[in-house]
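**Student:**
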Amino acid sequence: MKPVSEKRQRNLFIGTFIIPTFVFFCIFTIYPVVQALYYSLFDWSGMSEHKTFIGLGNFKDMFKDPIVLRAIGNDYFLVVGKIVGIMIIATFFAVALTRFKFKLAGFFRSIFFIPNVISVVVIGVLWNFIYNPQIGFLNAFLSLFTEEKVDIAWLGFTSHTIWMLLPPAVWAGIGFYMILIIAAIQNIPDSFYEAAELEGAGQWRQFRSITVPLVWEQMKVSIINIMMTTLNGSFVIVWIMTEGGPDNSTQVMGSYLYQMAFRQYHFGFAAAIGVLILGLSLITTVVMQRLLRHETVELS
Amino acid sequence: MAVNKKAAALGLAAVVALTSLAACGKGGNDSNGAASPSASPSESATPSDSASPSASPSASGSESDGGGTKLTGDFEIQYFVGGYGDKWWKKVIADFKAANPDLNVIEAGGPKINDQNKPRWIGGNPPDFVYIDGPNLNDRQMVEDGQLEDLTDWLKDAKNVDGDKILDILAQAPQQYDGKIYNIPLVLNSWGIFWNKALFKDKGWTEPANFDEFMQVSDKIKADGITPFIHTGKYPYYINGAFLYPAIVSNNNDDYTILQKMATNDIEAYKSPAVLAALNQIVALRDKGFIDKASIQINHTDSQMLFLQNKDAFIPNGLWLPNEMAKDVPQGFDFGFIPSITQKAGGKVVANTSTATVAVAKKAKNKEAAKAFLQFIFSKAQASQWAELSGAPSNIKGDISSSNAPNFVKDAAKYLTDPNTIVIPTITFNADVDKAMQDATDALTISKITPEEWVKRVTDVVAKVKQ
Numbered sequence: 152m153k154p155v156s157e158k159r160q161r162n163l164f165i166g167t168f169i170i171p172t173f174v175f176f177c178i179f180t181i182y183p184v185v186q187a188l189y190y191s192l193f194d195w196s197g198m199s200e201h202k203t204f205i206g207l208g209n210f211k212d213m214f215k216d217p218i219v220l221r222a223i224g225n226d227y228f229l230v231v232g233k234i235v236g237i238m239i240i241a242t243f244f245a246v247a248l249t250r251f252k253f254k255l256a257g258f259f260r261s262i263f264f265i266p267n268v269i270s271v272v273v274i275g276v277l278w279n280f281i282y283n284p285q286i287g288f289l290n291a292f293l294s295l296f297t298e299e300k301v302d303i304a305w306l307g308f309t310s311h312t313i314w315m316l317l318p319p320a321v322w323a324g325i326g327f328y329m330i331l332i333i334a335a336i337q338n339i340p341d342s343f344y345e346a347a348e349l350e351g352a353g354q355w356r357q358f359r360s361i362t363v364p365l366v367w368e369q370m371k372v373s374i375i376n377i378m379m380t381t382l383n384g385s386f387v388i389v390w391i392m393t394e395g396g397p398d399n400s401t402q403v404m405g406s407y408l409y410q411m412a413f414r415q416y417h418f419g420f421a422a423a424i425g426v427l428i429l430g431l432s433l434i435t436t437v438v439m440q441r442l443l444r445h446e447t448v449e450l451s
Numbered sequence: 080m081a082v083n084k085k086a087a088a089l090g091l092a093a094v095v096a097l098t099s100l101a102a103c104g105k106g107g108n109d110s111n112g113a114a115s116p117s118a119s120p121s122e123s124a125t126p127s128d129s130a131s132p133s134a135s136p137s138a139s140g141s142e143s144d145g146g147g148t149k150l151t152g153d154f155e156i157q158y159f160v161g162g163y164g165d166k167w168w169k170k171v172i173a174d175f176k177a178a179n180p181d182l183n184v185i186e187a188g189g190p191k192i193n194d195q196n197k198p199r200w201i202g203g204n205p206p207d208f209v210y211i212d213g214p215n216l217n218d219r220q221m222v223e224d225g226q227l228e229d230l231t232d233w234l235k236d237a238k239n240v241d242g243d244k245i246l247d248i249l250a251q252a253p254q255q256y257d258g259k260i261y262n263i264p265l266v267l268n269s270w271g272i273f274w275n276k277a278l279f280k281d282k283g284w285t286e287p288a289n290f291d292e293f294m295q296v297s298d299k300i301k302a303d304g305i306t307p308f309i310h311t312g313k314y315p316y317y318i319n320g321a322f323l324y325p326a327i328v329s330n331n332n333d334d335y336t337i338l339q340k341m342a343t344n345d346i347e348a349y350k351s352p353a354v355l356a357a358l359n360q361i362v363a364l365r366d367k368g369f370i371d372k373a374s375i376q377i378n379h380t381d382s383q384m385l386f387l388q389n390k391d392a393f394i395p396n397g398l399w400l401p402n403e404m405a406k407d408v409p410q411g412f413d414f415g416f417i418p419s420i421t422q423k424a425g426g427k428v429v430a431n432t433s434t435a436t437v438a439v440a441k442k443a444k445n446k447e448a449a450k451a452f453l454q455f456i457f458s459k460a461q462a463s464q465w466a467e468l469s470g471a472p473s474n475i476k477g478d479i480s481s482s483n484a485p486n487f488v489k490d491a492a493k494y495l496t497d498p499n500t501i502v503i504p505t506i507t508f509n510a511d512v513d514k515a516m517q518d519a520t521d522a523l524t525i526s527k528i529t530p531e532e533w534v535k536r537v538t539d540v541v542a543k544v545k546q
């Protein structure tokens, strides 16, 4: 009798933690996804009482739509650009702030982290001012070196405007991943570096042979996290800065989804884009996992 | 171990991906919930006004109303609160209540009302009467979705509370969808081109009245070191509404039916030489370097600020501009305005109207009251009250010069009722076609495409929409 009740009590205890979470997960995550899948099979304006079942029609249309393809391209451009930009700069800062001990390290650590505390919306508005052709900082700065006033419309090129969204996106991301890598580096015992130094290894060699292998796990998590947040979240910065323009050149999947659902009244089509984002995120994650597979070195 | 990590990462990816989807699923959730008459957000808004029945029925005799049938039951009004405010709505609803004491008028108003009431429209339980304005509410889409009552027959000989025929007193006619009328324009606002009269006087530039004069003075302006023309590239409907559409009408011998044909997705109308000629007027501006390079990437506020700082001489905008920027207008700035600048010398001015309309829901429960309300609001008394309380001209012909409306509203009304002005009645394009035209115009202003490619692009979209 007693062991049973103990077991039951244990299960009850576990259940009180798991069941509410699971219920919320189902209501707020699983259910919307099922709904999105369901709506993606309909031609629906998002306002009408009536929906027409069209099977995979939205998906067929999607692959014929050049803007969808451009949006996918832009999304992956941002993924690659952000991974390269953020990882290089964050790692550099992390190493600089931990390995080369200097007085103001703490100060710089806070400075670099600040963009993470600011809302992406604010960052978008801020960079809009930097890029403003008439009153912007960038043109004013460049004008210092030229005879004539520089008046480049940074967000108004006929193509490749998406490049201009990379600096704010990278700038906004560095701090968090820097902290992550700093924490990992601080876990590496100093004795490793001391030994390496005695053996005559320089800073670069130490970085390559000690730091990178021992923080690889964190770097991997960082890369995958950047990938996922970009595929799902680049909507915000795009919408604030360009709304996908000019002429759809900066459209990403998220912004096109919004445009279609709420500006052009194709809710079903937008749901199909949502399903596409889900699919691509999953596939990319699996591929990245494979690519980043690397012998894990662990401190014993 | 590796398997676990992989699974964990996959799970993480799924969660992040899914949460982003939740946003689009939400509309769906609501739609389900709406099947049952959900606690409507409107109810909270109701009591505030019913408490003041003291507002005497100052406007118009209520006796002539509806031929004596007493209106009873509930009557719900959905109105968006935006640039025109809600002062007029509060007033007119109070007046209407006073005239119909047995009717329980329910107000559902606010800046977010279009979203709040959306589930009810989807669920087939809409309010009786709707004011179509603001984001996420598009009259053409509502007609296509079968949500609005066909008013064609009723409106043919409907009279307002004063006994005037409503169709006769409207300044701009309602838009027709396959010959049918579903919504009636309430506001009469106009797109057009603005400049600063004070700056022009100061520099000795002549204020233009046609396209040739516009190009000539722009040459001078450029020579004086000021950029002649700025627009809102982030929202190209400003340049389309204030420059391109009037230009198409001017180039079509002042016949605005071409725009109406375009709105019915008539491909031939888009291929008309008038469209190309109008696009070439934009090209003329572009090739002379008159368009501010900043235009393409900035929003309306930024472009309006640059205009107010005299960095640019002309701006395509709407008559609400002085009101919208009232706080930022510098001392001595004097708005000059013309509804269109693309006409030939001696040609008529073309005013492209900007409006907001009112309609009755197809599934309205109290259509009688809704129609009586239409008869009530489309009266001369309400016209001057609208102009006074909302700061925009009303769509009812009538002399508002003696009302308390702001001066620029009176000026605008004068312009729009002038017999020499071609007034384009309100037109809503299909949302896809509209977006395609906006994108193409943007692309045209930055030399990415030619006018012929503009037509090609837009007609491709029109053809797709027609399918």
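Chains U and Y, in that order, are what the protein sequence lines are.
Following the working numbering, the numbering of the first sequence begins with 152 at its first residue and continues without gaps.
Following the working numbering, the numbering of the second sequence begins with 80 at its first residue and continues without gaps.
Using N, Cα and C, we set each Cβ at its ideal position, and we do this for glycine too.
Fair warning: this is a prediction, and the values are worked out from it, not measured in the lab.
Taking the CB atoms as reference points, tell me whether residue 538/Y and residue 346/Y lie closer together than 7 Å.
**Tutor:** Along the second sequence, one-based indexing puts residue 538/Y at 459. Along the second sequence, one-based indexing puts residue 346/Y at 267. For residue 538/Y and residue 346/Y, yes; Cβs fall inside 7 Å.
**Student:** Note down the Cα distance separating residue 203/U from residue 231/U, rounded to an integer number of angstroms.
**Tutor:** As a first step, residue 203/U must be located in the first sequence, where it is residue number 52. As a first step, residue 231/U must be located in the first sequence, where it is residue number 80. Computed Cα separation, rounded: 39 Å.
**Student:** Note down, in chain order, all residues in the region 440 to 452 of chain Y with a beta-carbon under 7 Å from any beta-carbon belonging to chain U.
**Tutor:** From the region 440 to 452 of chain Y, no residue has a Cβ closer than 7 Å to chain U.
**Student:** On the criterion of 16 or more Cβ atoms from any shown chain inside 10 Å, does residue 441/U qualify as buried, or is it exposed?
**Tutor:** For this step, residue 441/U is matched to residue 290 along the first sequence. Exposed, because fewer than 16 other Cβ atoms sit within 10 Å of the Cβ of residue 441/U.
**Student:** Does the distance from the CB of residue 240/Y to the CB of residue 517/Y come in under 7 Å?
**Tutor:** Within the second sequence, residue 240/Y is the residue found at index 161, counting from 1. Within the second sequence, residue 517/Y is the residue found at index 438, counting from 1. It is not a contact, given that the beta carbons lie outside the stated cut-off.
**Student:** I need the DSSP call for residue 432/U, collapsed to helix, strand or coil.
**Tutor:** Here the question's residue 432/U lines up with position 281 in the first sequence. Residue 432/U falls in the helix class under three-state DSSP.
**Student:** Inspect the beta-carbon positions of residue 382/U and residue 432/U and report whether they are closer than 7 Å.
**Tutor:** For the purposes of this step, residue 382/U is identified with residue 231 of the first sequence, where counting begins at 1. For the purposes of this step, residue 432/U is identified with residue 281 of the first sequence, where counting begins at 1. Yes, Cβ-Cβ distance for residue 382/U and residue 432/U is below 7 Å.
**Student:** Assign residue 297/U to buried or exposed, taking buried as 16 or more other Cβ atoms, counted over all protein chains shown, within 10 Å of its Cβ.
**Tutor:** Taking the first sequence and counting its residues from 1, the one referred to as residue 297/U is at position 146. Residue 297/U should be labelled exposed.
**Student:** How many whole angstroms separate the CB atoms of residue 185/Y and residue 154/Y, which I take to be in contact at a CB cut-off of 8 Å?
**Tutor:** Within the second sequence, residue 185/Y is the residue found at index 106, counting from 1. Within the second sequence, residue 154/Y is the residue found at index 75, counting from 1. Confirmed, about 7 Å.
**Student:** Starting from residue 385/Y, find everything on chain U with Cβ-Cβ shorter than 9 Å and list it in chain order.
**Tutor:** Taking the second sequence and counting its residues from 1, one reaches residue 385/Y at position 306. Within 9 Å Cβ-Cβ: 285, 286.
**Student:** Give a single yes or no on whether residue 400/Y has its beta carbon closer than 6 Å to a heavy atom of the ligand HEM.
**Tutor:** Among the components modelled here there is no ligand, and therefore nothing to report on the ligand HEM.
**Student:** In chain order, what residues of the same chain have a beta carbon less than 8 Å from the beta carbon of residue 500/Y, not counting five sequence neighbours either side?
**Tutor:** Residue numbering aside, residue 500/Y sits at position 421 when the second sequence is read from its first letter. Taken in chain order, the residues that qualify are 418, 427, 428, 429, 430, 494.
**Student:** Do residue 542/Y and residue 533/Y have their CB atoms nearer than 7 Å?
**Tutor:** Start at 1 with the first residue of the second sequence, and residue 542/Y comes out as number 463. Start at 1 with the first residue of the second sequence, and residue 533/Y comes out as number 454. Not a contact, by the Cβ cut-off of 7 Å.
**Student:** Residues of the region 221 to 247 of chain Y in Cβ contact with chain U at a cutoff of 9 Å, in chain order, please.
**Tutor:** If the cut-off is 9 Å between Cβ atoms, the region 221 to 247 of chain Y has 221, 223, 224, 225, 226 near chain U.
**Student:** Looking at the C-beta of residue 402/U, does it have a partner C-beta in chain C at a distance below 7 Å?
**Tutor:** Absent from the structure: chain C. Protein chains present are U and Y.
**Student:** Verify the CB distance criterion: does residue 533/Y have a CB-CB separation below 7 Å to chain U?
**Tutor:** Numbered from its first residue, the second sequence carries residue 533/Y at position 454. With 7 Å as the cut-off, residue 533/Y does not count as an interface residue toward chain U.
**Student:** Beta strand (DSSP E) containing residue 428/Y: first to last residue?
**Tutor:** Working through the second sequence from its first residue, we reach residue 428/Y at position 349. Its beta strand (DSSP E) spans residues 428 to 433.
**Student:** Please classify residue 329/Y: is it buried, with 16 or more other beta-carbons within 10 angstroms of its beta-carbon, or exposed?
**Tutor:** Position 250 of the second sequence, counted from the first residue, corresponds to residue 329/Y. Buried, because 16 or more other Cβ atoms sit within 10 Å of the Cβ of residue 329/Y.
**Student:** Which residues share a DSSP beta bridge with residue 289/Y?
**Tutor:** For this step, residue 289/Y is matched to residue 210 along the second sequence. Answer is none; residue 289/Y lacks a bridge partner.
**Student:** Quick one: Cα of residue 283/U to Cα of residue 277/U, how far?
**Tutor:** For the purposes of this step, residue 283/U is taken as the residue at position 132 of the first sequence. For the purposes of this step, residue 277/U is taken as the residue at position 126 of the first sequence. Cα to Cα, the separation comes out at about 10 Å.
**Student:** Decide if residue 424/Y is buried, meaning its Cβ has at least 16 other Cβ atoms within 10 Å, or exposed.
**Tutor:** Within the second sequence, residue 424/Y is the residue found at index 345, counting from 1. Exposed is the call here.
**Student:** I need the DSSP call for residue 162/Y, collapsed to helix, strand or coil.
**Tutor:** The residue you call residue 162/Y lines up with position 83 of the second sequence. It is coil, neither helix nor strand.
**Student:** Taking only three categories from DSSP, how would you classify residue 396/U?
**Tutor:** Within the first sequence, the letter at position 245 stands for residue 396/U. Here residue 396/U sits in coil by DSSP.
**Student:** Could you pull the start and end residues of the beta strand (DSSP E) that residue 351/U belongs to?
**Tutor:** If you number the first sequence from 1, residue 351/U lands on position 200. No beta strand (DSSP E) holds residue 351/U; DSSP gives it neither H nor E.
**Student:** Smallest Cα separation from residue 242/U: which of 326/U, 429/U, 194/U?
**Tutor:** In the first sequence, counting from the first residue as 1, residue 242/U sits at position 91. Closest by alpha carbon: 326/U.
**Student:** Roughly how many angstroms separate the alpha carbons of residue 341/Y and residue 301/Y, rounded to a whole number?
**Tutor:** Counting from one through the second sequence, the residue named residue 341/Y turns up at place 262. Counting from one through the second sequence, the residue named residue 301/Y turns up at place 222. Computed Cα separation, rounded: 35 Å.
**Student:** Can you give the Cα-Cα distance for residue 284/Y and residue 359/Y, rounded to whole angstroms?
**Tutor:** Position 205 of the second sequence holds residue 284/Y. Position 280 of the second sequence holds residue 359/Y. Approximately 25 Å, taken between the alpha carbons.
**Student:** May I have the straight-line CA-CA distance separating residue 511/Y from residue 209/U, to the nearest angstrom?
**Tutor:** What you label residue 511/Y is simply residue 432 of the second sequence in a count that begins at 1. What you label residue 209/U is simply residue 58 of the first sequence in a count that begins at 1. Spanning the two alpha carbons is a distance of roughly 15 Å.
**Student:** Got a sec, what are the start and stop residues for the beta strand (DSSP E) residue 268/Y sits in?
**Tutor:** Here residue 268/Y refers to the residue found at position 189 of the second sequence. Here the beta strand (DSSP E) through residue 268/Y covers 268 to 275.
**Student:** Helix, strand or coil, according to DSSP, for residue 314/Y in the structure here?
**Tutor:** Taking the second sequence and counting its residues from 1, the one referred to as residue 314/Y is at position 235. Residue 314/Y: coil per DSSP, three-state reduction.
**Student:** For residue 394/U, which residues in chain Y fall below 7 Å Cβ to Cβ?
**Tutor:** By 1-based counting over the first sequence, the position of residue 394/U is 243. Simply 313.
**Student:** Show which residues of chain Y have a CB atom less than 8 Å away from the CB atom of residue 407/U.
**Tutor:** Locating residue 407/U in the first sequence gives position 256, counting from the first residue. The contacting residues do not exist; residue 407/U stays about 11 Å from chain Y at best.
**Student:** Mind listing which residues of the region 511 to 545 of chain Y have their C-beta closer than 8 Å to chain U's C-betas, in chain order?
**Tutor:** Within the region 511 to 545 of chain Y, the qualifying residues are 511, 514, 518, 519, 521, 522, 525, 526, 527.
**Student:** Kindly list the residues whose CB is nearer than 6 Å to the CB of residue 453/U, restricted to its own chain and excluding five residues on each side of it in sequence; keep chain order.
**Tutor:** Shown here, chain U extends from 152 to 451; a query on residue 453/U therefore has no answer.
**Student:** For a minimum of 4 consecutive residues, which ranges assigned as the alpha helix (DSSP H) are wholly contained in the region 360 to 417 of chain Y?
**Tutor:** If we require 4 residues or more, the alpha helix (DSSP H) runs fully inside the region 360 to 417 of chain Y come out as 379 to 387, 400 to 403.
**Student:** Just list the residues that DSSP pairs residue 387/U with in beta bridges.
**Tutor:** Within the first sequence, numbered from 1, the residue matching residue 387/U stands at position 236. According to DSSP, which records beta bridges pairwise, residue 387/U is partnered with nothing at all.
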